[in-house]
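Note sheet for the following structure.
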Amino acid sequence: MNSIVRKQSTLQHYGPQVDALQRGCFKDPFSFLGTHSISETKSEVRCYMPGAGKVSLKLGEQRLECARYSESDLFIAHVNSKDMGTYQFVVDYGEYEIICDDVYSFESSLDDSAMYLFNEGTLEHAYRHLGAHFIELSGKQGVRFSVWAPNASSVSVIGEFNHWQKSQHFMRFHPASGVWDLFIPELTQGQCYKFAITTLSGEVLEKADPFAFKMQQAPGTASVLQIRPPAIALTKEMQAQRVKRNAIDAPISIYEVHLGSWQREAGDRYLNYRELAQRLIGYVIEQGFTHIQLMPISEFPFDGSWGYQPVGLFAPTSRFGGLDDFRYFVEQCHLKNIGLLIDWVPGHFPSDPHGLHCFDGTHLFEHADARQGFHPDWNTYIYNYDRPEIRSFLVANAMYWLEEFAIDGLRVDAVASMLYLDYSRKEGQWIPNCYGGRENLGAIECLKQVNLRSYANNPGIMMVAEESTAWPGVTRQVDQDGLGFGYKWNMGWMNDSLHYMQRDPLYRQHHHHELTFSMVYAFSENYVLPLSHDEVVHGKGSLLEKMPGDDWQKFANLRAYYAFMWAHPGKKLLFMGGEIAQRSEWNHDQSLDWHLLEHISHQGVQRTISQLNKVYTSEPALHQLDNDPRGFSWIDSQNAQQSIFSFIRFAKKASDYVVVISNLTPTVYHDYCIGVPSGGEFKVILNTDEEALFGSGVHVVALTEQVISTVATASHGHQHSIKLSLPALATIYLKKVSDEPIN
1 MNSIVRKQST LQHYGPQVDA LQRGCFKDPF SFLGTHSISE TKSEVRCYMP
51 GAGKVSLKLG EQRLECARYS ESDLFIAHVN SKDMGTYQFV VDYGEYEIIC
101 DDVYSFESSL DDSAMYLFNE GTLEHAYRHL GAHFIELSGK QGVRFSVWAP
151 NASSVSVIGE FNHWQKSQHF MRFHPASGVW DLFIPELTQG QCYKFAITTL
201 SGEVLEKADP FAFKMQQAPG TASVLQIRPP AIALTKEMQA QRVKRNAIDA
251 PISIYEVHLG SWQREAGDRY LNYRELAQRL IGYVIEQGFT HIQLMPISEF
301 PFDGSWGYQP VGLFAPTSRF GGLDDFRYFV EQCHLKNIGL LIDWVPGHFP
351 SDPHGLHCFD GTHLFEHADA RQGFHPDWNT YIYNYDRPEI RSFLVANAMY
401 WLEEFAIDGL RVDAVASMLY LDYSRKEGQW IPNCYGGREN LGAIECLKQV
451 NLRSYANNPG IMMVAEESTA WPGVTRQVDQ DGLGFGYKWN MGWMNDSLHY
501 MQRDPLYRQH HHHELTFSMV YAFSENYVLP LSHDEVVHGK GSLLEKMPGD
551 DWQKFANLRA YYAFMWAHPG KKLLFMGGEI AQRSEWNHDQ SLDWHLLEHI
601 SHQGVQRTIS QLNKVYTSEP ALHQLDNDPR GFSWIDSQNA QQSIFSFIRF
651 AKKASDYVVV ISNLTPTVYH DYCIGVPSGG EFKVILNTDE EALFGSGVHV
701 VALTEQVIST VATASHGHQH SIKLSLPALA TIYLKKVSDE PIN
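What follows is the structure, encoded as structure tokens:
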């Protein structure tokens, strides 16, 4: 070819194609744009460059000026086929000029076999294929975009790199999978983008990438190009620690945290992930908790949703820093042997226009019928779990957090709303399943698959269900007709025990069963006892303010209640602020009231939690048999008149046990007799009435005695008994320290 090539002017009639390009609706751009053979010796190169003054084709050092088609933004050049090789466009916009590759010269790199699995509902790592990925293709570095939108008439990539013009980067459609893809060279991390989806009715929807690894903070709604770093790898030691700390016989004490309001800096500034890694993890270790549970951190637009209305399920919220900062926080948890759980929301999604609702102009992610697809309580949309692609999407999201970050587990939100088709609906507002029942069969299968894949791929994790009904087998294995969770929140215990504690001690005797009934079903599932954020919002008051009586009694009640909870079978969860006896309800817009720790009463509650965690983790009897009836025995569950509860917690070694007594009246009982399994000497290992905890300081044993010796007097079905003083509104733990002869 000569070094100077004349502009070509012999053009075909491309009116319909130009019209489609101008309307931003082109389903098969590769059939028209790019290089196309028009004879045995000639090729025609077509590009669409909105706003360009002129376009040249750059072939090595040579340039061929392209012809503009009929005053449109379509530019065409004719080239000898034998001279075609790698080429670029030189685009003159008047004030500036750019050189770019022809995006329609690149073959698709989409994995058809992976897309088949996606459509089948079994692509557990869909995030590695769909979304935006930095790759090398034909020797060029760039980004492969791919999005599932089977019912769209056209899809374009729009972003900062093309001035948000929907007519510049039309995507290729794969009819077999319903996926669109396009490779765009020379993009850089941090650039914003969306998908412009033209519906069958001609409406253009600008949607965020469902698989984006980063998103703009509100009010921004765009996805952000982000390189996916290598997965966090656990050392053998860390892996062993994870298996041990999440085991069913392990002490598990979870501190639930909303990162935006735990602590703030001057000017109400959020702490970032790296600051939280130092302060929060250090505080959790100091307080003796074993795990941190983060309220949802997938990117969400509305602060007031607390994260429970996420739009970017694969994007850690950037409110607290970037992806590397979040990874640092996770890695610090691993290094400090602190378990990390995150709240996961597969039950519904919000109606934000850039989100999943009516994604391609149809009800793609949700059911079309509002009786199945809309949640009346939260004004959100419900995933169509019957659709295989939705199962791939949700399973992949669980795998993303567990495998890419080595998170210890997921707390799955609102499981009951997923299981029941009639959840929070009146007669006529729901559709029965194919068998006429109210079970959501698609959601059940989806949850089973999530749990199966999560445990199979990530040994030692814990999957936790927030499930508020009596659905059987939540924590049974899937092959035993269960849902496959590792743990379930014990909402019944939480509701009953809080109702009891809110009552005036004078009337508690009439509601004694509210603290004993939980033991009827305590071993039917693997339970977590939750005092979560849900109990300190929406006018419910703080835990402290739920307690009756004057200020001293409120604190005493709360300390006694915590100790009763820590001794009750089941793992523990406490929402932040509970450990300092926050007086006001939780407010997501401000920091906890840390200044309360200037008062000894609040210090006392904080010390109580610290002591409880220390005793709980060091005493096998308090955690080894949480899911086994052998681990619990009532001493006296019938003393309603005095509102006293006494029981024994056993370790796997039956001779290792802890005696627990709760006196939930404001009356001190001296010389209180209680039966114990064996003779010997007992020591008080916890007393919530200690003066150091802001208690009254009633001595359980005489000042001259260090231990309590048993006597050979039968009581409560045991051959041995002890006498002690029971402080008012207090819980005490006793441990046998020797088998000395009975006095």
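In full-length UniProt numbering, the protein residues as written are 1 to 743. Think of the CB as a built atom: it goes at the ideal place given N, C-alpha and C, for glycine as much as any other residue.
- Positions of the alpha helix (DSSP H) runs, each at least 4 residues long and wholly inside the region 387-427, are given as 388-399 and 415-419 in order along the chain.
- For the options 88, 46, 221 and 664, the alpha carbon positioned closest to that of residue 509 is the one of 664.
- Taking the Cα positions, residue 588 is about 5 Å away from residue 261.
- The three-state secondary structure of residue 603, taken from DSSP, is helix.
- Put simply, the backbone Cα of residue 45 is about 16 Å away from that of residue 60.
- Restricted to the region 226-266, the alpha helix (DSSP H) segments that are unbroken, complete and at least 4 residues in length are 236-245, listed in chain order.
- Between the alpha carbons of residue 101 and residue 92 lies a distance of about 14 Å.
- Taking C-beta atoms as the reference points, residue 298 and residue 124 fail to come closer than 9 Å.
- With fewer than 16 other Cβ atoms inside 10 Å of its own Cβ, residue 188 counts as exposed.
- Cβ-Cβ separation between residue 121 and residue 388: approximately 3 Å, consistent with a contact (criterion under 8 Å).
- Residue 301 has its alpha-carbon roughly 60 Å from the corresponding atom of residue 703.
- For the 9 Å CB-CB criterion, residue 137 and residue 185 form a contact.
- Separation of residue 292 and residue 254 (C-alpha to C-alpha, rounded to the nearest whole angstrom) is 5 Å.
- DSSP places residue 530 in the strand class (E or B) of the three-state scheme.
- The beta carbon of residue 404 is closer than 6 Å to those of 231 in its chain, skipping five residues each way along the sequence.
- The C-alpha of residue 686 is placed about 18 Å away from the C-alpha of residue 670.
- 501 is the residue among 581, 501 and 324 whose C-alpha sits nearest the C-alpha of residue 662.
- Here residue 250 is buried. Its C-beta has 16 or more other C-beta atoms within 10 Å.
- If you check the CB distance, residue 544 and residue 558 come in under 9 Å.
- Annotation for residue 551: the continuous alpha helix (DSSP H) segment containing it runs 551-567.
- By the Cβ neighbour-count rule, residue 655 is exposed, with fewer than 16 other Cβ atoms within 10 Å of its own.
- Positions of the beta strand (DSSP E) runs, each at least 3 residues long and wholly inside the region 34-67, are given as 34-37, 42-48, 54-59 and 62-65 in order along the chain.
- The secondary-structure analysis by DSSP pairs residue 610 with nothing; it has no beta-bridge partner.
- Per the coordinates, the alpha-carbon of residue 608 lies some 10 Å from the alpha-carbon of residue 615.
- Contact between the region 167-181 and the region 139-158 is present: three or more C-beta pairs spanning the two stretches fall below 8 Å.
- Contact annotation, residue 207 with residue 78: C-beta distance approximately 38 Å; criterion of less than 8 Å not satisfied.
- Secondary structure at residue 98: strand, using DSSP grouped into helix, strand and coil.
- Under the three-pair Cβ rule at 8 Å, the region 413-421 counts as touching the region 332-349.
- 341 is the residue among 563, 577 and 341 whose C-alpha sits nearest the C-alpha of residue 465.
- Looking only at 611, 19, 322 and 127, the smallest Cα-Cα distance to residue 114 is reached by 127.
- Excluding five sequence positions before and after residue 270, the CB atoms of its chain that fall closer than 7 Å to its own CB belong to 260, 264, 319 and 320, given in chain order.
- With 16 or more other CB atoms across the displayed protein chains lying within 10 angstroms of its CB, residue 635 is buried.
- For residue 498, the enclosing alpha helix (DSSP H) begins and ends at 491-502.
- Following the DSSP letters along the chain, one finds residue 16 inside the alpha helix (DSSP H) bounded by residues 15-23.
- In the DSSP assignment, residue 733 falls within the unbroken beta strand (DSSP E) covering 730-738.
- Straight across, the Cα-Cα distance linking residue 401 with residue 34 is about 39 Å.
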